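Structure first, then comments.
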Amino acid sequence: MDDVGSGPPNPTDRRYDNDAVWQATERLIDAGVTAERLGYDSYWLTEHHFQYEGYEVIPNGLMLGAVIAERTERIRLGMAFNIIPQWHPLRFAEDFATLHNLSGGRAILGAGRGTVPREAETLGTQIGSFDNPSQAEADRLNRQQFDEAMQVIQMALNQEKFSFHGEVYDLPPPGIPDRGDTVRELTLVPRPRHPYETWQAITSPPTLEQTPKRGWGGVFWNNHPSFLAERWERFAEVYEESHGRALARGEKRMLVLCTRVADTRERAVEELRPGHDEFWKFLGPYGWSKGYMGQDGKPAAAGLIPSLEESLDQRIFLAGSPEDLAESIAWYRELVGVEDLLLFPGMPGDPYDVVEAQMERLANEVLPLLA
C-alpha cells in the first residue's frame, strides 16, 4: 500500500482489483515455502472473506495449505483461524482431513468464532460480544453454533460412524431414504490417518473457561503481560480441574507477537509505525484491543485504537535490533514459560519482499540468540 498509516483513506474506501489480490495470494504461498527453508516449525494462514480492501485475501487456507504441502516436505500448516461457524462442519471436516492426509500429518486444526460482521452474516452466522448487552444474543447464538459444529467435526474426524442431534445441527436429518432403509449414521470420507492438534483463539473470559475443558490448545494475542500471565495460569487451572493432570508451564498455550527487527531500535520503530497504525485503524473497531491495559489498570474499552508507543510500552508489539527482540522474547519465556510462539512479522502495507526479509532476520539473527 502506498497510503498506509493512521490517516486517510478509511479502510473500506480502498479497493484492490482481482490481479492484485491474486498476486498477494501467490506471495503468501511463496512465504510458506520460504518458512520451511528458514527452519520454522509451522506456517499459519488465516481465513477471511470479501475484503476488497486488501487486508486479508484467503477465504480457504486449507486449500492453499494443500498447495504449500505439495511444495514442502517438513513444515506444519496451521490456520489462525478457520472460522468454524462460517462452514458446514462436515465440509470443513472433509477438507481438513484431506489436507492432513495429503501433507503426511502436517495440518493443525485452528478454530475461531469470527470477528467481521460482513463475513459472518453473509455466511450463515452472527458476531456478538459477551460484554455488550445489545450484542449478547448474537454472541450466544454464535457460541452455540461454534460449540455444536466443533462437536460434529471432532466426531466426524475421530469416529468410524457418528450421528449428532442438536439445536443447530441435526446430522443425519431424519428420514433420509437409502436403498430400502433410512440413514441413521454417517461416516466421514476421508478421515485423518495421523494424529492432529486443535488450537482455539482465546479473546474472551467464556472462551478461556471452555477451551482447556475441551483439551485443546489456547492461542493468546494482543494481551498486556499482566493479563496474559493471569489468563495463562487460569487456562492451566481449568485444564487440571477438567483432565486431572497439571500442564507444564508452556504446554498447550501459544503466544502471538507482532515484530519488527532492524539494525537499531529507532529504525525498527520508524519502519513499524505506518503498518502498526494501519493494523489498528482496521482492527480496532472490531474489538481486537480489549487485551490492552487502560489507565485504570483494567482491560481497555472496546474500540481502542492504540498508538505505537502504547503497543511497545505494553510489550504487545516488539521492535528493535535482533538483540532487543531476543531479549523481549526471553522475557516472555521467563514470565509464562512460552514454548509455542507464533511470530507476526508483516504489517498491512508492507511490501512482500520486506515481509520475507523480516522472516529471514528473525530466523537467522533473533531466534539463534534464544537457543
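The sequence shown begins at 1 in the numbering used here and counts up by one. The beta carbon of each residue, even a glycine, is placed where N, CA and C say it ideally should be. If you're wondering where the values come from, they're calculated on a predicted model, not measured in any experiment.
Residue i Cβ short of 8 Å to the ligand ATP heavy atom set
i: Val116; result: In the structure on display, the ligand ATP does not appear, and there are no ligands present to speak of.
Reduced DSSP category for residue i - H, G, I as helix; E, B as strand; rest coil
i: Trp216; result: coil
i: Ile29; result: helix
i: Ser42; result: strand
i: Leu272; result: helix
i: Pro177; result: strand
i: Gly110; result: strand
i: Met347; result: coil
i: Phe146; result: helix
i: Met254; result: strand
i: Asp2; result: coil
i: Pro299; result: strand
i: Val355; result: helix
i: Gly61; result: helix
i: Val189; result: coil
i: Asp277; result: helix
i: Asp340; result: strand
i: Asp170; result: strand
i: Trp331; result: helix
i: Gln432; result: This structure cannot speak to residue 432, because the chain is shown only from 1 to 371.
i: Ile83; result: strand
i: His243; result: helix
i: Trp199; result: strand
i: Thr122; result: helix
i: Thr115; result: coil
i: Ala319; result: strand
Buried versus exposed call for residue i [16 or more other C-beta atoms within 10 Å across all chains shown]
i: Trp22; result: exposed
i: Val152; result: buried
i: Met347; result: buried
i: Asp2; result: exposed
i: Leu45; result: buried
i: Glu233; result: exposed
i: Gly218; result: buried
i: Gln210; result: buried
i: Ser321; result: buried
i: Glu230; result: exposed
i: Asp139; result: buried
i: Glu185; result: exposed
i: Glu237; result: exposed
i: Ala262; result: buried
i: Leu370; result: exposed
i: Thr203; result: buried
i: Ala246; result: exposed
i: Asp313; result: exposed
i: Gly297; result: exposed
i: Gly128; result: buried
i: Asp13; result: exposed
i: Gly180; result: exposed
i: Lys161; result: exposed
Beta-carbon proximity check, residue i vs residue j, cutoff 9 Å
i: Ala268; j: Ala326; result: no
i: Glu197; j: Glu167; result: no
i: Thr125; j: Gln145; result: yes
i: Asn223; j: Ile316; result: yes
i: Leu171; j: Leu90; result: yes
i: Pro225; j: Leu341; result: no
i: Leu38; j: Ala357; result: no
Sequence-distant residues of its chain with Cβ nearer than 7 Å to residue i (five each side left out)
i: Pro190; result: Ala97, Thr98, Asn101
i: Val338; result: Gly250, Leu255, Tyr332
i: Gly5; result: Pro274, Asp277, Glu278
i: Ala35; result: Tyr43, Ile75, Met359
i: Asp324; result: Arg265
Top-ranked residue by Cα proximity to residue i, from the options
i: Arg333; options: Met254, Cys258, Pro299; result: Met254
i: Gly32; options: Gly65, Arg14, Ser103; result: Gly65
i: Leu141; options: Ile176, Arg113, Leu312, Val67; result: Arg113
i: Glu271; options: Lys281, Trp280, Thr259, Phe282; result: Thr259
i: Ser311; options: Asp296, Gly284, Ala330; result: Gly284
i: Pro59; options: Asp41, Arg37, Asn82, Glu73; result: Asn82
i: Gly105; options: Phe235, Leu341, Leu77; result: Leu77
i: Gly303; options: Gln314, Glu323, Lys281; result: Lys281
i: Pro351; options: Arg14, Arg27, Asn10; result: Arg27
i: Glu119; options: Tyr52, Ala371, Ser307; result: Tyr52
i: Ile29; options: Leu370, Val366, Val355, Ala371; result: Val355
i: Gln154; options: Ala301, Asp178, Ile84; result: Ile84
i: Leu62; options: Gly39, Gly110, Gly175; result: Gly110
i: Thr72; options: Asp41, Gly297, Asp353, Thr182; result: Asp41
i: Trp216; options: Pro206, Glu365, Phe235; result: Phe235
Cβ-based neighbour list, residue i, same chain, cut-off 8 Å, excluding 5 preceding and 5 following
i: Phe227; result: Gly291, Met293, Pro299
i: Ala20; result: Gly54
Neighbourhood of residue i by C-beta, 6 Å cutoff - its chain only, sequence neighbours within 5 removed
i: His377; result: Given a span of 1 to 371 for the chain in the structure shown, any question on residue 377 remains unanswerable.
i: Leu188; result: Ala93, Ala156
i: Glu365; result: Pro322
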